[in-house]
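Okay, so here's the structure we're looking at.
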Amino acid sequence: MSCRLGIVSAAMLVSGIAALAGHAALAGQAPPAQSATPRAVSGATPARAWVQPRTPDGQPDLQGFWSNSTYVPLERPNAVTKAFYTPEEAAAIRKAAASREQAQTAPGTVDDVHYDFSQFGLDRSQAAQAPNLRTSLIIDPPDGKIPPMTEDGRRRVAEREAATKGVGRWDSAESNQLDDRCLIMAGAGPPMMDAAYNSNYHIVQAPGYVMILTEMIHDVRVIPLDGRAAPSERVRQWMGTSRGRWEGDTLVVETTNFNGKNPFRNSSERMRVTERFRRVSDQVILYGFTIDDPSTWTRPWTAEMPMQKTTGPLFEHACHEGNFGLYNTLVGARLEEQRAAEAARTPKK
Amino acid sequence: MRLRIGTWTWVAALAAGVVLVSVSVVSTQQPAARAYRAPRAPDGHPNLNGIWQAMNTAHWDIEAHSAGPSAVRDLGAAGAVPAGLGVVEGGELPYRPEALTKKKENLADRLKLDPEIKCYLPGVPRATYMPFPFQIIQGGEHVMLVHEFAGAVRTVYMTNQTEAPADSWMGWSNGRWEGESLVVDTRGFNDLSWFDRAGNFHSDALHVVERFTPRSADTLLYEATIEDPKVFTRPWKMSMPLYRRVEANAQILEFRCVEFVEDLMYGHLRKEPRKQ
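Quick note, the sequences are listed as chains X and D, same order. FYI, our numbering numbers position 184 of the first sequence as 184, with every residue one higher than the one before it. FYI, our numbering numbers position 88 of the second sequence as 437, with every residue one higher than the one before it.
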């Protein structure tokens, strides 16, 4: 599956670079200093007149398969002081990152049989990936860093760390990571962050609704566009509840009612995420999000990344149904404890 | 006054009874009023967009059945099985003899074997009539069926149709419009999902053809023809109405049940027994 996507993705990447040549921010010319509206980002003169595709009922057409795979980190690395790399710098960084990913498995080892990153298309370089010269996904604050935490936020981080202290990852299913439990991927969001692999999305629109399906764990959001209010605060969900509206040709989605169990960068369940989707070419949706969580950060912050068109389909990601890994690690952990206990009882010769 | 309330209660109860009986009859006997023409979606096809839900006991048993006790004693009446008149046309499933034996074993050992209990993807057609809503999102190239239970999603390919690339829980669906009906042809199933809580099952040879036909502004007729030569001696069909969730704020909510079954599935592998 991944292999197949990978092959297709390589072709998409080449066409993606060509299609993006005209985009100022993505290409690094005239970078906007502040939180840019999609129009500003896509404001360079395109090579040819591009017409926003529309659905039969007149919405901008965001439908299809998209990837947000990227090597650009959320926060700007400490050593970097500029907002954009040159195309040469970006290419070199990309090459190095891909080779680091591929080096995770050495040929001929057990790891290699399990996860050969290059063969199975698990490294990001084989995904459809929109070129992005940014040095960080965060565009506001301008330093590309998550703003300082509030006292509340720091206390919550400490409490979360204390709660897991002394608990082994394989003590129980519940003490394992959310993704290993097939509950939800850390980056499922919102906001939607790229995963290590399979960072693929399927968007389908009908009058009054936009559906976004994430390949990983078939996480899905059906976003109503009818202006309804968020539900009662008692309704808490892993992915929150999303409400959308069109502002011009930009889809704006506001999400609240998180349950706080998959906190994005240590956010609280009171986080409000405002996402913006704007199709800027046949090949690219510019995706941006603003995080507003006054109980965690001293100010709101905003990130932006292009989503690259890719070819479908998405395959069924029945994660929980085939979760032999979780079962086997728990069995293995109990067996090791048992052996250790037996060894301790056996008198040393 | 008391008398009056009593009288009205009786009238209401009778009226409700009539409605219930007629609903039951419609669900298994009569085809929908074919004269109904659905409002059109912007692309000109019948508009099936909406949040839909079955209102019957097929999720307990697609065949006709009496009420029965709960499989879990502590759940008492809350876990008991409500009776149902069945949704299978002709009444009985045409099992091959050895398959009927397996069906009975499934039922007898349901708590261990029913994939629903483990929060596994529900398969087709079971997803349609579980006691949870699902939403139809009718795009041009893809019609999506988004189910609340386990967040199960089906993609119906209206264009670029291919054979199933691999077996899966929810199958591989190709769709087409036939007059007022959305017809969905699904193959490529694994042999792990069931039809209901009564142990009715299929093999990986399952082939389902579903028809979603608007029968009024707020109801669809759902028909599913089941073909599985490894399990059944002939194709058979189920049908039932689906009802629109007309609440203004209706939406598919999360039922991410994996965390609700972890203790059941992996609790015996905990390092320390669970704190009560």
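Every residue, glycine too, gets a C-beta built ideally from N, C-alpha and C. All of these numbers come straight from a predicted model, not from anything done at the bench.
Contacts around residue i, its chain only, beta-carbon distance under 8 angstroms, and the 5 residues preceding and following it disregarded
i	result
X:Ser132	Note on identity: in this sequence residue 132 of chain X is Asn, with Ser being the wrong assignment. If we look at X:Asn132 and ignore the five residues flanking it on each side, its Cβ neighbours are Leu26, Thr70, Val72, Ala90, Met305 and Pro306.
D:Trp585	Val437, Glu438, Gly439, Leu442, Pro443, Thr574 and Ile575
D:Glu572	Glu559, Arg560, Thr562, Lys586, Met587 and Ser588
X:Gln205	Thr55, Gln59, Asp61, Leu62, Gln63 and Met211
Partner residues on chain X for residue i, Cβ-Cβ distance less than 8 angstroms
i	result
D:Ser517	Phe315, Glu316 and Ala318
D:Glu603	Gln237, Trp238 and Met239
D:Pro584	Per Cβ cutoff of 8 angstroms: no residues; D:Pro584 is ~25 angstroms from chain X at best.
Under 7 angstroms from the C-beta of residue i: neighbouring residues of chain D
i	result
X:Met211	Ile486, Met493 and Val495
X:Ser280	It is worth fixing the name first, because residue 280 of chain X is Val in this sequence and not Ser. In chain order: nothing, as chain D lies at least about 21 angstroms away.
Min CB distance residue i to chain D below 9 angstroms
i	result
X:Met192	no
X:Arg156	no
X:Ala128	no
X:Trp170	yes
X:Tyr197	no
X:Met12	Bear in mind that the predicted position of X:Met12 carries a pLDDT of just 35, short of 50, making it unreliable; the figure below should be weighed with that in mind. No, X:Met12 lies away from the interface with chain D (no Cβ there is under 9 angstroms from its Cβ).
X:Tyr350	Look at the range of chain X in this structure, 1 to 349, and you will see that residue 350 of chain X is not part of it.
X:Gln205	yes
X:Leu326	yes
X:Val222	yes
X:Ile285	no
X:Gln63	yes
X:Pro231	yes
Spatial neighbours of residue i in its chain, beta-carbon cut-off 6 angstroms, leaving aside the 5 residues before and after
i	result
D:Cys468	Ala499, Cys606, Val607 and Val610
D:Met404	Tyr592
X:Ser295	Asp152, Ser268 and Arg270
X:Leu335	none
X:Gly312	Phe65
X:Ala163	none
D:Trp526	His394
is_contact[residue i, chain X] using C-beta, thresh 9 angstroms
i	result
D:Pro443	no
D:Val532	no
D:Leu591	no
D:Val374	At D:Val374, the pLDDT of 42 sits below 50, so the modelled position is not reliable; the number obtained from the coordinates is stated separately. Not one chain X Cβ lies under 9 angstroms of D:Val374.
D:Lys461	no
D:Gln600	yes
D:Ser371	Because the pLDDT at D:Ser371 is just 43, under 50, the model does not fix this residue reliably, and the value given afterwards should be weighed accordingly. Not closer than 9 angstroms to any Cβ of chain X, the Cβ of D:Ser371 fails to qualify, so no.
D:Met614	yes
D:Leu570	no
D:Thr504	yes
D:Gly428	no
D:Gly528	no
Contacts of residue i in chain X (Cβ-Cβ under 7 angstroms)
i	result
D:Leu449	Ordered by position in chain X, no residue passes the 7 angstroms Cβ test against D:Leu449, which lies about 26 angstroms from the chain.
D:Asp392	Pro56
D:Leu618	Leu330, Val331 and Arg334
D:Leu470	Ala318 and Glu321
Opposing strand residues paired with residue i [DSSP bridges]
i	result
X:Val222	X:Met211
D:Glu572	D:Arg560 and D:Ser588
X:Ile217	X:Ile217 is not bridged to any residue.
X:Tyr287	X:Phe277 and X:Met305
D:Glu527	D:Ser530
X:Asp57	The partner list for X:Asp57 (beta bridge, DSSP) is empty, contrary to what the question assumes.
X:Asp140	X:Thr302
X:Gly244	X:Val253
X:Gln205	X:Val210
8 angstroms contact criterion, which residue i and residue j should meet: CB distance rounded
i	j	result
X:Leu326	X:Glu215	About 20 angstroms separates the two Cβ atoms, so there is no contact after all.
D:Gly524	D:Val492	6 angstroms
D:Ser522	D:Val502	The Cβ separation is near 11 angstroms, so there is no contact.
D:Ala420	D:Arg459	6 angstroms
X:Gly144	X:Glu75	6 angstroms
X:Ala158	X:Asp123	The pair is not a contact, with the Cβ atoms about 35 angstroms apart (cut-off 8 angstroms).
D:Glu412	D:Gly435	5 angstroms
X:Gln237	D:Glu497	Not confirmed; about 12 angstroms, so no contact.
Interface partners of residue i on chain D, CB under 8 angstroms
i	result
X:Asp219	Gly500
X:Arg181	Val607, Glu608 and Glu611
X:Arg228	Ala597 and Asn598
X:Gln52	Neighbours of X:Gln52 on chain D: none; closest Cβ ~17 angstroms, over 8 angstroms.
Nonlocal neighbours in the same chain, by C-beta distance under 7 angstroms from residue i, ignoring five residues either side
i	result
X:Arg245	Leu225, Gly227 and Val252
D:Arg536	Ala513, Gly520, Trp521 and His556
D:Arg583	Pro443
X:Gly187	Met193, Asp194 and Ala195
X:Ala230	Thr241, Arg243, Thr256 and Asn257
Neighbour list for residue i in chain X, Cβ cutoff strictly below 9 angstroms
i	result
D:Pro395	None at all; the shortest Cβ gap to chain X is about 13 angstroms.
D:Glu621	Asp171 and Ser172
D:Asn398	Ala206, Pro207, Gly208 and Tyr209
Contacts that residue i makes with chain D (C-beta to C-beta distance below 9 angstroms)
i	result
X:Gln177	Going along chain D, no residue has its Cβ under 9 angstroms from X:Gln177, so there is no contact; the nearest lies around 13 angstroms.
X:Gln338	Per Cβ cutoff of 9 angstroms: no residues; X:Gln338 is ~11 angstroms from chain D at best.
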